[in-house]
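Data first, discussion second: the structure below is written as structure tokens.
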Amino acid sequence: MASKGIVNTPGLDVPVKNFSDACSRFFVVFKVLKTGMFPRFAEIDYVTKVNDLAEASNLTPTLELMVDRDIEANCVRKVGSHTRNLLRIKRSLEMMRVMCEVLFDVFLKLIRRSDHSLRDATFTAYNQVFAPHHGWAIQQAVATGIGSLLPKTLLSGMFNETEETFKIHAQSYVTASASVTNYLDNLFLSKNLGIDW
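Mapping of the sequence shown onto full-length UniProt numbering: position 128 corresponds to residue 128, and the numbering continues sequentially without gaps.
Spelled out as structure tokens, the structure:
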């Protein structure tokens, strides 16, 4: 699992390169889900921000130092700052975790029902993670995009998983990503930056 091992370093010294490399492995999730306006919106946003951190890793060795430099430059909340991008990446990882949790439940029901799709998982994840930070116009655009997601035939085909293997992969991501996002929460809070902006 891509996110395993990147928060094993004591303290707050996670290398920016290791973090961005791990996050880049999730690009495939957005490729698979690239149907409708919302997945495309999410893909562009996530990929752009991960690439920004990848470039930052050439000059800044650790996430903590990266955040400290933004604090010193008084640009933490500035659009395009590394710290702001890091916060957005954290939310994307959280959203993928929630989707993974819901998708597993949906996957199990596909065998018995024909009216399930990616919509439930995506709506749940978006509303829980991103909606509180988006204005009405963006929320409406996202809702329109989610409504165009394909039905259950896409879900079973894109994962090509049995019930057991899907459960293993889903649980592995849920566990690993929770550790990563908890680490990031602690990093932001230790700098008195908060996480709700």
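Beta carbons are placed, not taken as given, at the ideal position from N, Cα and C, and that holds for glycine.
Of the residues the options, the one placed nearest residue i, counting alpha carbons only
i: SER24; options: ILE89, ILE195 and CYS100; result: ILE89
i: ASN58; options: ASP21, ALA170 and GLU43; result: ASP21
i: ALA125; options: THR83, PHE27, TRP197 and VAL174; result: VAL174
i: VAL67; options: MET96, PHE123, ASP196 and VAL14; result: VAL14
i: MET99; options: VAL79, ASP196, GLN128 and ALA141; result: GLN128
i: ASN186; options: LEU86, ILE44, ILE168 and PHE26; result: LEU86
i: GLN19; options: LYS191, SER179 and ILE195; result: It should be pointed out that residue 19 corresponds to Phe in this sequence rather than to Gln. The shortest C-alpha separation from PHE19 is found at SER179.
i: GLY194; options: ARG77, HIS169, GLY135 and ALA170; result: ARG77
i: HIS133; options: ALA42, TRP197 and ALA56; result: TRP197
i: PHE188; options: THR48, ARG84, ALA56 and VAL79; result: ARG84
i: LYS191; options: ILE168, GLU72 and VAL79; result: GLU72
Contact with chain D by residue i, beta-carbon distance below 8 angstroms
i: GLN140; result: Included in the structure is just one protein chain, with no chain D present.
Beta-carbon proximity list for residue i, same chain, < 6 angstroms, skipping 5 on both sides
i: SER81; result: ASP70 and CYS75
i: TYR46; result: SER92
i: LEU184; result: LYS90
i: ALA137; result: none
Whole-number beta carbon distance between residue j and residue i, since they are thought to touch under 8 angstroms
i: VAL16; j: LEU63; result: 6 angstroms
Per DSSP, the bridge partner or partners of residue i
i: THR62; result: PRO15
Sequence-distant residues of the same chain with beta carbon closer than 7 angstroms to residue i, five excluded per side
i: residue 283; result: Not covered by the structure: residue 283. The range shown for the chain is 1 to 197.
i: THR181; result: LYS90, LEU93 and GLU94
i: ALA56; result: VAL16, MET66 and HIS82
i: ILE168; result: none
i: GLY135; result: none
i: PRO10; result: Caution is warranted here: a pLDDT of 45 is assigned to PRO10, below 50, making its placement in the model unreliable, and the coordinate value is therefore given only provisionally. Answer for PRO10: no residue qualifies.
Neighbourhood of residue i by C-beta distance below 8 angstroms, restricted to the same chain and skipping five residues each side
i: THR96; result: One detail in the question is off: residue 96 reads as Met in this sequence, not Thr. Closer than 8 angstroms at Cβ, skipping near neighbours: PHE26, VAL29, ALA125, TYR173 and SER177.
i: THR153; result: Only weak support is given to the placement of THR153: the predicted model assigns it a pLDDT of 49, under 50, and the value that follows is read from those uncertain coordinates. Nothing meets the Cβ criterion.
i: THR165; result: none
>> Check whether the stretch 52-67 and the stretch 90-103 touch, using three or more Cβ-Cβ pairs below 8 angstroms as the test.
In response: no
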